[in-house]
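Visitor: There's a structure below that I have some questions on.
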Amino acid sequence: MGLLNSLAHVGLALWAIIIIAPLLWMFLASFKSNTEMYLGNPFSLPSSINLDSYVRAWNEAHVGRYFLNSVFVVALSTAGTMLFGSMAAYVLARYKFIGNRIIYYLFVSGLAFPVFLALVPLFLIVNNMGLLNTFTGLILVYIAYSLPFTVFFLAAFFKTLPNSVAEAAVMDGASHTRLFFQVMMPMARPALVSITIFNIIGQWNQYLLPVALMQGEGAQEKWVLTQGIANISVQAGYEADWAAMFAAVTLSILPMIIMYAFFQRQIQAGLTAGAVK
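Right, here's the structure in full:
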């Protein structure tokens, strides 16, 4: 067992280096000038902390606008996903009615459906609703896209919550709405925090859905961050402003890393709480 544990730690260390090294190189390269990147050692440290690339990315490449668009879209879509997903998961996990399992399996089947297969139907549906190239259409699609995993994850957790607490609340006169929001939701806080973080990261990094739905006249004003970075990478082939592109990617990755590091314990607690109970 000692040898296996040592090999496991070595493997994890190598995996961490493989993941961290490109991110660290990108972060350091974002402080370099184009001259340093082309004529200097690509693996050397920047000669000085140069924030010009961040200024160019934020202002000239409009990363600031795309960043705020992403924050707006992800904030509303995550809130909607957690509200509707938690209510659906709670009902499917705690109430018995005809069609319960069918509805649950319909939600779960969404996990096996690749996003790119739904791009054309989604485009037609959103276009027919008059929501193409709107934040509302994109937010609704994000919610629908995130609901299957949210319901699957939370339904399993709600099943582990003790019935005695719910029965005591009902005997005290709590309605179904009050029971859910004031009793069961606080008890499910670890799972809710975990799935919220997963949804934020997944929606923040989404690229295919915005590309398919945010197009038309004035679409560039409503682009999210992933579209803006893709546009910078295309322009970099002609303008060769790689430092600005690395700065933009750093700005997109850094909030997710900070958030995950900050909520790491809550995420781990949410993933293991069901097993402990």
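Under UniProt numbering, think of the first position of the sequence shown as 1, with each following residue one higher. Cβ coordinates follow ideal geometry from the N, Cα and C atoms, glycine included. These numbers come from a predicted model, not from an experiment.
1. Taking the straight line between their C-alpha atoms, what separation do you get for Val10 and Leu23?
2. Among Met82, Arg65, Tyr145, which has the Cα closest to the Cα of Phe113?
3. Mapping the DSSP letters down to three states, classify Val224 as helix, strand or coil.
4. Do the segment 127-141 and the segment 91-108 touch if we need at least three Cβ pairs shorter than 8 Å?
5. Buried or exposed: which applies to Ile232, given that a residue is buried once 16 or more other Cβ atoms fall within 10 Å of its Cβ?
6. Determine the direct distance from the alpha carbon of Gln215 to that of Val55, and round the result to whole angstroms.
7. Is the separation between the beta-carbon of Val74 and that of Ile200 shorter than 7 Å?
8. By DSSP, does residue 346 sit in helix, in strand, or in coil?
9. Within 10 angstroms of its Cβ, does Lys277 collect 16 or more other Cβ (buried), or is it exposed?
10. What is the rounded straight-line gap between the Cα of Lys222 and the Cα of Gly64?
11. On a Cα-Cα basis, can you pick out the residue from Lys159, Met185, Pro190 that is closest to Phe84?
12. So, with DSSP's three-state summary, where would you put Ala61?
13. Starting from the C-beta of Leu179, find all residues in its chain whose C-beta is less than 8 Å away, skip the five residues before and the five after it, and write them out in chain order.
14. Less than 7 Å between the beta carbons of Val126 and Gly137, yes or no?
15. Can you give the Cα-Cα distance for Met129 and Phe246, rounded to whole angstroms?
16. Apply the 10 Å Cβ neighbour rule to Val151 and answer buried if 16 or more other Cβ atoms are within range, or exposed otherwise.
17. Do you know offhand how far Ala243's Cα is from Thr81's?
18. When you compare only the Cα positions, how much space is there between Thr177 and Ala261?
19. Given a cut-off of 7 Å, decide if Tyr66 and Leu208 are closer than it, judged by their beta-carbon atoms.
20. Can you check which of these residues, Ala212, Ile195, Leu3, is closest to Ala79 by C-alpha distance?
21. Can you give the Cα-Cα distance for Ala275 and Leu68, rounded to whole angstroms?
22. Please state the DSSP three-state secondary structure of Ala8.
23. Would the beta-carbon of Ser77 fall within 7 Å of that of Gln203?
24. The alpha helix (DSSP H) spanning Asn100 covers which residue range?
25. Quick test of your reading: Leu147 and Phe181, contact by CB under 8 Å. State the CB separation rounded to the nearest angstrom.
Guide: Reading from the atomic positions:
1. 20 Å
2. Tyr145
3. coil
4. no
5. buried
6. 27 Å
7. yes
8. Outside the modelled stretch of the chain, which goes from 1 to 277, sits residue 346, for which no answer is possible.
9. Unreliable positioning characterises Lys277 in this predicted model, as indicated by a pLDDT of 45, which lies under 50. The coordinate reading is nonetheless provided below. Answer is exposed; the Cβ neighbour count stays below 16.
10. 12 Å
11. Met185
12. coil
13. Ala166, Ala169, Val170
14. yes
15. 37 Å
16. buried
17. 36 Å
18. 34 Å
19. no
20. Ile195
21. For Ala275, the predicted model reports a pLDDT of 48, less than 50, meaning its position is unreliable; a value from the coordinates is still stated below. When rounded, the distance between both Cα atoms is 38 Å.
22. helix
23. yes
24. 100-109
25. 19 Å between Cβ atoms; not a contact.
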